[in-house]
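Numbering (the working numbering), first residue to last: -15 to 276.
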Amino acid sequence: MTLVEKTSYTVASNNAPPENTPAWQENKAYAADDKVLFLNKIYICAKPNSGKNAPNMTADEWVEAGSPNPTRFQDEYVNTQTKSDTRLEIVINVPEASVNSFGLFNADGAKILIYDKNDALIFERALATRNDSASWWQYFFGASFTYRNDVWHLGDVDYGGQIKIKIEPNEKGANLGHLVVGRKIFLGDTLYEPSVSMIDYSKEFTDDWGFTRLRKGATAKYCAVKAIVPSPQVDFVEKTLARTAGELNLFIADEREDGFECLAVFGYFKDKEVVISNAQTSELSINLKGVI
């Protein structure tokens, strides 16, 4: 189990297309599901209204849905994406020697490449991999592919200054839901049988005549993990989790770069418990909730 504690960064350049959502207008009639741009945030109309109240002033008429296209990869959501039909190229600035790990969530594309300030390749990953074939015919004509949307790199070299992220497009374009950069902190060895579930925020509305309408909502991961912690490291783990409580960070229970995507959670821990079994080993139980 590894925690990647986020490092703040600034964007030096970004070639993502600009937002095309219309700006909110006062006293304009809006229908359910209309989208508007207000104070650099996207809002979706939850119920018809006359535009009397600004979107950020009424929770029952408008629902915040993230940032404009170029900055969606920076907001606190995973299900919103910065989208481009061509190669997406983002350059960020980070403090010197502050970053050794990267996480890219809800990504679409053919390949992801990350470069350091000297334009040296840090990480390269194809998002589609050919599955094993049972025959030569299947290899040439019928082999299937597995597509990843969440990738990570847990490195041992510290980077700083400018870092360049490139996503080469596929048929969906080059899209990115969220970017995490930071430093890895090893918490313990993940035990068998971690559990993963999904929280669905879809809502059901039934009117006075009995007609039901389902409003599709976002989903979020919920993951329960146990890990073995060396007992001499218990205080370090406790202090690390106390310091990062209530913050959004990256938790990876399967550190392999081709490991289970469902065991990589960008979110926070709801609760945790450490049982000190003996002088050699202790057991950490932690429940993780991902953002939508």
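Just so it is clear, CB atoms sit at the ideal spot from N, CA and C, and this is done for glycine as well.
{"Asked": "Under the DSSP definition of a beta bridge, which residues are partnered with residue 108?", "Found": "97"}
{"Asked": "Mind checking which residues open and close the alpha helix (DSSP H) that includes residue 223?", "Found": "218 to 228"}
{"Asked": "Quick one: residues in its chain with C-beta nearer than 6 Å to the C-beta of residue 230, no 5 flanking neighbours on either side, listed in chain order?", "Found": "none"}
{"Asked": "In the DSSP assignment, the beta strand (DSSP E) including residue 8 goes from what residue to what residue?", "Found": "Counting along the chain, residue 8 falls outside any beta strand (DSSP E), and DSSP gives it neither H nor E."}
{"Asked": "To the nearest whole angstrom, what separates the beta carbons of residue 45 and residue 53, a pair I think is in contact under 8 Å?", "Found": "Contact flag wrong, Cβ pair sits at about 24 Å."}
{"Asked": "Rounded to the nearest angstrom, what separates residue 173 and residue 239 at their Cα positions?", "Found": "10 Å"}
{"Asked": "Starting from the Cα of residue 22, find the closest Cα among 39, 274, 82 and give me that residue.", "Found": "39"}
{"Asked": "Classify residue 233: buried if its beta carbon has 16 or more other beta carbons within 10 angstroms, exposed otherwise.", "Found": "buried"}
{"Asked": "Kindly indicate the opening and closing residues of the beta strand (DSSP E) around residue 253.", "Found": "248 to 260"}
{"Asked": "Note down the Cα distance separating residue 199 from residue -6, rounded to an integer number of angstroms.", "Found": "35 Å"}
{"Asked": "Note down, in chain order, each residue of its chain lying with its Cβ closer than 6 Å to the Cβ of residue 25, except the 5 sequence neighbours on either side.", "Found": "48"}
{"Asked": "Would you mind giving the Cβ-Cβ distance between residue 284 and residue -4, rounded to the nearest angstrom? I have them listed as a contact below 8 Å.", "Found": "Since the first residue of the chain shown is -15 and the last is 276, residue 284 is not available in this structure."}
{"Asked": "Tell whether a beta-carbon distance below 8 Å holds between residue 62 and residue 212.", "Found": "no"}
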